[in-house]
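Using my numbering, the letters of the sequence shown map in sequence onto residues 3 to 153.
This report concerns only the one structure given below.
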Amino acid sequence: MKGFLGTAASFGADLNLVIQFVMGVALLAGAVLAKRKCYRAHGICQTSVVGLNLLMIVLVMWPSFRQQIAPAPSKILHKWYYEAAIIHAVVGITAEVLGLYIVIVAGTKILPSRLRFNNWTRWMRVELALWQIVLLSGFATYCAWYVAPFR
């Protein structure tokens, strides 16, 4: 099904791009909520984004990556088309795993105290910075794949 942003992307890729940017804005709004000491609303906002992102990874990004990158011969992986996706995947997996860890530590008592962190502010800021890098690398991947695809 053809996308709606006027590129060579599918509807799913276009929808994912829009949802990712909305989630990026939601993460920034969640950071504002934390600054205003609205911690419950902050937690709900950030947890919702991490969960929705995991869903988008499973439904859209992983299948695309598996179909377009995994079968590529190793000698052509130096091309921007592949590099953008690989960089995005590595940083994205790191951000998602850290986000899930933060959600588990903040919202549950599953992990023992030795596996929990105390400096919330530092880890939340690292996660927010990672997420912004992921958004930029995701946009670069979208451009490499659908705006100016060079294989």
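Idealized CB from N, CA, C, for every residue including glycine.
In three-state DSSP terms, what is residue i?
i: K37; result: helix
Since residue i and residue j should fall inside the 8 Å C-beta cutoff, what is the C-beta to C-beta distance between them, to a whole number of angstroms?
i: V107; j: R116; result: At roughly 12 Å, the Cβ-Cβ gap does not stay under 8 Å, so V107 and R116 are not in contact.
i: L132; j: T96; result: 6 Å
When you compare the CB positions of residue i and residue j, do they come within less than 7 Å of one another, or not?
i: A15; j: V51; result: no
i: V158; j: V24; result: Any property of residue 158 remains undetermined from this structure, which presents the chain solely from 3 to 153.
i: T49; j: Y148; result: no
i: Y83; j: A146; result: yes
i: A86; j: A142; result: yes
i: H44; j: G32; result: yes
i: N120; j: V62; result: no
i: F67; j: A36; result: no
Quick one: is residue i buried, meaning 16 or more other Cβ sit within 10 Å of its Cβ, or exposed?
i: F6; result: exposed
i: G140; result: buried
i: Q22; result: buried
i: Y41; result: exposed
i: M126; result: buried
If you pair each beta-carbon of the region 92 to 108 with each one of the region 52 to 61, do three or more pairs fall below 8 Å?
yes
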